[in-house]
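Participant: Sending over a structure as structure tokens; questions will come in a sec.
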Amino acid sequence: MFPLERQKKIMDLLTIKKVLKITELTKELEVSVDTLRRDINQLTKEGKIKKIYGGIKLIESQFGESTIDERMISHLEEKNSIAQKCSEYINDGDCIYLDSGSTTFQIAKYIKNKKNLTVITNSIPIILELMNSDVELIIIGGKIRKNEQSVVTYEYLFNFNQLNIQKAFICASGITIEKGISDYNIEEAITRKKMIELSNEIYVASDSSKFGKNVTIGIAPLEKIDYIITDQNINQVLINQFKKSPTNLIISE
């Protein structure tokens with residue numbers, strides 16, 4: 027295993043367990059203590075981990091958005107169930123938009139066998155996931171957000187008005203009854219607003235941990251969202267509140 031592969035494995039393990047002992051890591055990675063210390067020193071230098079007595083711990087963000095790598099493995103069971111439910115609303119011949127995000131990435135895994143499907147996306151991981159399938163792919167033009175592995179759009183690089191999107195699957199970092207859906211990054215928010223404007227039906231794919239949060243940038247009120255698909259861990263009080271809202275709440279199995 028190369029150093030970068032080992033370091034990614036260490037970060038993956040820390041995202042789940044937060045704290046790891048040196049003895050655990052040497053056994054898990056099947057490397058010597060000296061080799062492991064070189065990886066630890068590199069990750070410490072990058073500010074990703076902190077050394078503690080006998081082990082290491084993850085340095086977590088105190089505020090703001092977690093990285094796409096962290097989100098790819100957090101709430102994974104819930105995101106898989108949401109993605110599977112979303113795929114039931116995607117039909118052969120559809121033209122859909124898949125937003126950048128860890129939940130929409132999971133959707134890509136369930137739609138590879140759809141016939142005559144066109145997927146428009148700004149997500150590099152989704153492009154890579156669908157690259158060898160029969161799905162027709164369109165990636166929007168713009169600037170690369172490296173930490174999010176996404177493309178944020180600019181009008182002069184992409185003619186949005188030519189798109190005929192039947193269904194858009196959008197991610198959100200916050201969802202409230204009062205304020206609708208929100209996100210941390212202004213450029214991602216602009217892209218999502220544009221896609222909501224252009225699409226016939228709007229689906230928000232979001233795990234239950236996002237409910238009750240209203241984060242930095244407002245994207246859209248609930249009146250503009252047709253469906254929110256989430257997991258079974260959502261609070262019953264919220265379920266009752268959504269019965270009175272204009273948005274249909276769908277709970278995955």
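Residues are numbered in the working numbering as their position in the sequence shown, beginning at 1, plus a constant of 26. Ideal Cβ placement from N, Cα and C applies to all residues, glycine included.
1) Taking the alpha carbon of Ser58 as the reference point, which residue from Glu72, Pro29, Asp120 has its own alpha carbon closest?
2) Quick one: give me the first and last residue of the alpha helix (DSSP H) that Cys197 is part of.
3) Is the separation between the beta-carbon of Met157 and that of Ile191 shorter than 8 Å?
4) Answer yes if the segment 68-78 comes into contact with the segment 245-256, meaning at least three C-beta pairs across the two stretches below 8 Å, and no otherwise.
5) Is Ser126 closer than 8 Å to Asn142 when the C-beta atoms are compared?
6) Does the beta-carbon distance from Lys74 to Lys44 come in below 8 Å?
7) Along the chain, where does the alpha helix (DSSP H) containing Lys220 start, and where does it finish?
8) Check Leu275 in the structure and name its three-state DSSP category.
9) Under a three-way DSSP split, which group does Lys83 fall into?
10) With a CB to CB cut of under 7 Å and the five nearest residues on each side skipped, what residues in its chain are close to Leu102?
11) What's the call for Lys53, buried or exposed, on a 16-neighbour Cβ count within 10 Å?
12) Nearest-angstrom Cα distance between Asp60 and Asn106?
13) Tell me which residue opens and which closes the alpha helix (DSSP H) that Leu156 is part of.
14) By alpha-carbon positions, which one of Asp118, Thr41, Ser128 ends up nearest to Glu104?
15) Under 8 Å, do Glu155 and Lys193 count as touching if we go by C-beta distance?
16) Using the Cα positions of Ala231 and Glu279, report the straight-line distance between them to the nearest angstrom.
17) With DSSP as the reference, label Ser235 as helix, strand or coil.
18) Would you identify the three-state DSSP class for Lys77, choosing helix, strand or coil?
19) Quick check on this structure: which residue in Ile260, Ile212, Phe268 has the alpha carbon closest to the alpha carbon of Arg171?
20) State the beta-bridge partners of Ile122 as determined by DSSP.
21) Determine the burial state of Gly200: buried for a count of at least 16 other Cβ atoms within 10 Å of its Cβ, exposed for fewer.
22) Determine the contact status of Ile116 and Thr130, defining contact as a CB-CB distance below 8 Å.
23) I need the DSSP call for Ile254, collapsed to helix, strand or coil.
24) Starting from the Cα of Thr41, find the closest Cα among Ile133, Phe268, Ile85 and give me that residue.
25) In whole angstroms, give me the CA-to-CA distance for Glu56 and Met37.
26) For Lys239, count the other beta carbons within 10 Å of its own beta carbon; 16 or more makes it buried, fewer makes it exposed. Which is it?
27) Are there 16 or more other CB atoms within 10 angstroms of the CB of Gly23, so buried, or fewer, so exposed?
Facilitator: Put simply:
1) Start at 1 with the first residue of the sequence shown, and residue 58 comes out as number 32. Here the closest residue by C-alpha is Pro29.
2) In the sequence shown, residue 197 corresponds to position 171, counting from 1. Membership of Cys197 in any alpha helix (DSSP H) is not indicated, and neither H nor E is assigned to it by DSSP.
3) Residue 157 sits at position 131 when you count from the first residue of the sequence shown. Residue 191 sits at position 165 when you count from the first residue of the sequence shown. Not in contact: Met157 and Ile191 (Cβ atoms no closer than 8 Å).
4) no
5) On the sequence shown, residue 142 is found 116 positions in, with the first residue counted as 1. On the sequence shown, residue 126 is found 100 positions in, with the first residue counted as 1. Note that the C-beta distance between Asn142 and Ser126 is not below 8 Å.
6) Stepping through the sequence shown from its first residue, residue 74 is reached at position 48. Stepping through the sequence shown from its first residue, residue 44 is reached at position 18. For Lys74 and Lys44, no; Cβs fall outside 8 Å.
7) The residue you call residue 220 lines up with position 194 of the sequence shown. That run of the alpha helix (DSSP H) goes 212-224.
8) Stepping through the sequence shown from its first residue, residue 275 is reached at position 249. Of the three classes helix, strand and coil, the one that applies to Leu275 here is strand, per DSSP.
9) Here residue 83 refers to the residue found at position 57 of the sequence shown. Per DSSP, reduced to three states, the secondary structure at Lys83 is strand.
10) As a working note, residue 102 is residue 76 in the sequence shown. Closer than 7 Å at the Cβ level, and outside the excluded window around Leu102, lies no residue.
11) Position 27 of the sequence shown, counted from the start, is the residue given in the question as residue 53. Exposed is the label assigned to Lys53, since fewer than 16 other Cβ atoms lie within 10 Å of its Cβ.
12) Sequence index remark: in the sequence shown, residue 60 carries index 34 (1-based). Sequence index remark: in the sequence shown, residue 106 carries index 80 (1-based). Going by the C-alpha atoms only, they are around 38 Å apart.
13) As a working mapping, residue 156 is identified with position 130 in the sequence shown. Unbroken alpha helix (DSSP H) run through Leu156: 150-156.
14) Counting from 1 along the sequence shown, the entry for residue 104 is found at position 78. Nearest C-alpha to Glu104 among Asp118, Thr41, Ser128: Ser128.
15) Translated into the one-based positions of the sequence shown, residue 155 becomes position 129. Translated into the one-based positions of the sequence shown, residue 193 becomes position 167. No, the pair does not count as a contact, with Cβ atoms beyond the cut-off.
16) Along the sequence shown, read from residue 1 onward, the residue named residue 231 stands at position 205. Along the sequence shown, read from residue 1 onward, the residue named residue 279 stands at position 253. The straight-line gap separating the alpha-carbon atoms of Ala231 and Glu279 is approximately 14 Å.
17) Numbered from its first residue, the sequence shown carries residue 235 at position 209. The answer is helix: DSSP assigns Ser235 an H, G or I state.
18) Start at 1 with the first residue of the sequence shown, and residue 77 comes out as number 51. Three-state result, Lys77: strand.
19) The residue given as residue 171 occupies position 145 in the sequence shown. Comparing Cα-Cα distances from Arg171 to each of Ile260, Ile212, Phe268, the minimum goes to Ile212.
20) For the purposes of this step, residue 122 is taken as residue 96 along the sequence shown, with counting starting at 1. Bridge partners of Ile122: Val145, Lys193.
21) Taking the first residue of the sequence shown as position 1, residue 200 is located at position 174. The residue is buried, with at least 16 neighbouring Cβ atoms inside 10 Å.
22) The residue you call residue 116 lines up with position 90 of the sequence shown. The residue you call residue 130 lines up with position 104 of the sequence shown. No, Cβ-Cβ distance for Ile116 and Thr130 is not below 8 Å.
23) Taking the first residue of the sequence shown as 1, we reach residue 254 at position 228. Three-state DSSP puts Ile254 in a strand.
24) Numbered from 1 along the sequence shown, position 15 holds the residue referred to as residue 41. Closest by alpha carbon: Ile85.
25) On the sequence shown, residue 56 is found 30 positions in, with the first residue counted as 1. On the sequence shown, residue 37 is found 11 positions in, with the first residue counted as 1. Spanning the two alpha carbons is a distance of roughly 16 Å.
26) Reading the sequence shown from its first residue, position 213 is the one you call residue 239. Flag for Lys239 reads exposed.
27) Residue 23 lies beyond the residue range present for the chain, which begins at 27 and ends at 279; the question has no answer from this structure.
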